[in-house]
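First up is the structure itself, then whatever we jot down about it.
Numbering (this note's numbering), first residue to last: 1387 to 1822.
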């Protein structure tokens, strides 16, 4: 099958602090386009102080891009920014009917649709696609409404139009059907979310700690999961090779065990509506006892990728979870001491090669220490109605002093770091720091 030809367009705004330079961002967009099955035939960018409200880029640049794209026989002009509904309308009119306009968000949604394997993943992608499409639906886009959906974005979608009401245009019919579809998808996803909550509640009662792999896409998380647990998770040198979360049990020395979960890789400019749609999956991260932040230390933008992941964790309110940074692909990175000097931001990160097994023993020692040997001092006031937490502290914590008051018990001592999130809201020390 002949690949569609794509011409890429980027914008560098002087007032924006992007994670990557415009050149590196376009290089990443090239990888995304290749992952989606497109053939990149060229690229260009413009430096602006503010976006053009009509066409994002300047009108002169629009004509320049059009001329170059036509000379390269491009089928698609792909923008490295999220386009507003007005941008789409104006650009489609400027470029003509022979060239389609898509943006970075549309591309990422399509890649996610291609890679989603489970029913949950497909539902979440389909919801994100419809929510993104609805405000951008124009007469020229109505055919896309019937193409959007999981399984590569080509699964029937809205389907037949049916009968119209009095005076209702085709566009209005399509918009109404998309709203109905969004409503049904949200109901289905909520059922999935409740099922996950029950599953996580059962898992919590088992008291087996959960460790979640996070990191920029293509950092090597799936390779590490396979190395540690002898799993058979699909691994490929491409962006978003795995989408649906995978959990495996890992036995540690000393009779301890944990559940290790691999999650979808993050990326800069990750679409907000995609993060929202994947709430049920991302809750796996928020419910973790420890995060392993895997970083490809050989990548020229390793620091920027690391920061992008931290920003996303903050966005999904998972930045309070204890985290261990893991610098991967150390076998290709050169001298370890030089890396430590070059990247002081990574602190006492563990250096490994997930592919070759270098540093894995040291990583397991650090995981065990973080989960079972690191204790955090606390001063808690726990209501008696939270008896399960009081019992949990007695079983795993170290009590220095305990006082039984009216309605609550005050406990001073320390608890394993992996359980800190459970007691956070009852911690008097934390509240004192917040007041200060």
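Beta carbons: idealized from backbone N, C-alpha and C, even for Gly.
Every value quoted in this text rests on a predicted model; they were computed, and no experiment measured them.
Within 8 angstroms, strictly: CB atoms of residue i and residue j
i            : j            : result
residue 1575 : residue 1513 : yes
residue 1417 : residue 1493 : no
residue 1442 : residue 1397 : yes
residue 1677 : residue 1707 : yes
residue 1701 : residue 1661 : yes
residue 1382 : residue 1393 : Here the chain covers residues 1387 to 1822 and nothing more, so residue 1382 does not appear.
residue 1787 : residue 1800 : no
residue 1480 : residue 1448 : yes
residue 1476 : residue 1490 : no
residue 1502 : residue 1515 : no
residue 1695 : residue 1652 : yes
residue 1431 : residue 1454 : no
residue 1728 : residue 1765 : no
residue 1723 : residue 1742 : no
residue 1578 : residue 1506 : yes
residue 1659 : residue 1410 : no
residue 1824 : residue 1775 : This structure gives no information on residue 1824, because the portion of the chain shown stretches from 1387 to 1822.
residue 1715 : residue 1606 : yes
Close beta carbons around residue i, own chain, < 6 angstroms, minus the five adjacent residues each side
i            : result
residue 1425 : 1389 and 1391
residue 1522 : 1471 and 1474
residue 1760 : 1803
residue 1435 : 1400
residue 1691 : 1602
residue 1638 : 1754
residue 1548 : Reliability fails at residue 1548, whose pLDDT of 39 lies under 50, so the model's placement of it is uncertain and the value that follows must be treated cautiously. Taken in chain order, the list of residues that qualify is empty.
residue 1469 : 1489
C-alpha gap between residue i and residue j, whole angstroms
i            : j            : result
residue 1777 : residue 1689 : 42 angstroms
residue 1530 : residue 1465 : Summary for residue 1530: the model assigns pLDDT 43, below 50, so the residue's position carries little reliability; its value from the coordinates is reported in the next sentence. Their backbone Cα atoms lie some 18 angstroms apart in a straight line.
residue 1634 : residue 1812 : 32 angstroms
residue 1789 : residue 1768 : 11 angstroms
residue 1509 : residue 1517 : 12 angstroms
residue 1598 : residue 1649 : 7 angstroms
residue 1819 : residue 1756 : Caution applies to residue 1819, whose pLDDT of 45 falls short of 50 and renders its modelled position unreliable; the model cannot decide the point.
residue 1713 : residue 1488 : 35 angstroms
residue 1400 : residue 1781 : 55 angstroms
residue 1680 : residue 1413 : 21 angstroms
residue 1719 : residue 1408 : 25 angstroms
residue 1725 : residue 1763 : 33 angstroms
residue 1446 : residue 1483 : 19 angstroms
residue 1571 : residue 1478 : 30 angstroms
residue 1773 : residue 1806 : 16 angstroms
residue 1732 : residue 1429 : 34 angstroms
residue 1439 : residue 1450 : 18 angstroms
residue 1580 : residue 1406 : 37 angstroms
residue 1420 : residue 1746 : 32 angstroms
residue 1654 : residue 1433 : 19 angstroms
Continuous beta strand (DSSP E) stretch holding residue i: start and end
i            : result
residue 1393 : 1391-1399
residue 1407 : Segment: none, residue 1407 is in no beta strand (DSSP E) and carries neither H nor E.
residue 1634 : 1632-1637
residue 1643 : 1643-1648
residue 1763 : 1761-1769
residue 1446 : Not the beta strand (DSSP E): residue 1446 falls in the alpha helix (DSSP H), residues 1445-1457.
Top-ranked residue by Cα proximity to residue i, from the options
i            : options                   : result
residue 1824 : 1693, 1456, 1812 and 1593 : Not covered by the structure: residue 1824. The range shown for the chain is 1387 to 1822.
residue 1645 : 1618, 1660, 1674 and 1654 : 1674
residue 1683 : 1458, 1737, 1615 and 1500 : 1737
residue 1600 : 1744, 1781 and 1699       : 1699
residue 1612 : 1483, 1740, 1435 and 1415 : 1740
residue 1582 : 1555, 1671 and 1605       : 1671
residue 1685 : 1721, 1730, 1758 and 1604 : 1604
Residue range of the alpha helix (DSSP H) that includes residue i
i            : result
residue 1690 : 1688-1701
residue 1794 : Careful: residue 1794 lies outside any alpha helix (DSSP H), inside the beta strand (DSSP E) at 1794-1802.
residue 1780 : 1773-1782
residue 1508 : 1505-1519
Residues of its chain near residue i, where Cβ-Cβ distance is below 7 angstroms and the 5 sequence neighbours each way are ignored
i            : result
residue 1748 : 1736
residue 1752 : 1710 and 1736
residue 1594 : 1643, 1644 and 1645
residue 1798 : 1765, 1786 and 1787
residue 1656 : 1698
residue 1793 : 1769 and 1770
residue 1744 : 1716, 1717 and 1738
residue 1387 : none
Chain-order list of residues whose beta-carbon lies under 8 angstroms from that of residue i (same chain, five-residue window excluded)
i            : result
residue 1615 : 1634, 1635, 1636 and 1646
residue 1520 : 1561, 1564, 1565 and 1568
residue 1485 : 1452, 1455, 1456, 1460, 1461, 1462 and 1463
residue 1458 : 1391, 1393, 1427 and 1428
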